[in-house]
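Going by the numbering used here, the sequence shown opens with residue 478, and the numbers climb by one from there.
Even glycine gets a Cβ: it sits at the ideal position worked out from N, Cα and C.
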Amino acid sequence: MNTVNLRVLALFSACLLAAPLALGQGGDVEQQISALSDEMIQANLKDDIRFYEKYYADDATIVHGNGKLFTKDQELADLKSGALKYESIDVRERKIQVYGDTAVVNFLLTFKGSLSGQPFSPTDLRRTVVWVKQKGNWKVVAWQVTRAPESK
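Following this line, the structure appears as structure tokens:
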């Protein structure tokens, strides 16, 4: 074999070896974000404010289904009030897309619970959560919910 062919073969081999490593890192991120998403749902069910204190970025933007915009501090105050209680959250769909140090999670969820003591029937919502790695830690920088159309 001549020198050019050996170099091409070496480069090709290096690419083949590096590809699984790159895919594995993306898979690790997906696994991390999936686990954090599960923790977030459990935090909703258990009224675990500590999760949100830890994982919301200080400048997080939260948009509720009614269109109201909340800061991290406003959201924490709302959660601490206990007005919203979840009885169940059923994850019907979850899609995670990773873009370097950013991950976007799209959900279709069914919620059942009460608001200010008034029960609400199961409601289908789409939730989009944006996670960004900041100083080595994943933080929610934005999330928004929208009522999903009723399925027929």
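The beta-bridge partner set that DSSP reports for Phe597 consists of Gly590.
The DSSP-derived three-state label of Glu570 is strand. Per DSSP, reduced to three states, the secondary structure at Ala619 is strand.
Under the three-state reduction of DSSP, Ala560 is assigned to coil, being neither helix nor strand. In terms of Cβ geometry, Ala534 and Lys616 form a close pair [threshold 8 angstroms].
Following the DSSP letters along the chain, one finds Ala534 inside the beta strand (DSSP E) bounded by residues 533-540. Segment contact: the region 552-566 against the region 587-601, three or more CB-CB distances shorter than 8 angstroms; contact assigned. Around the C-beta of Ala512, fewer than 16 other C-beta atoms lie within 10 Å, and the residue is accordingly described as exposed.
Distance from the CA atom of Asp505 to the CA atom of Lys572, rounded to whole angstroms, is 15 angstroms.
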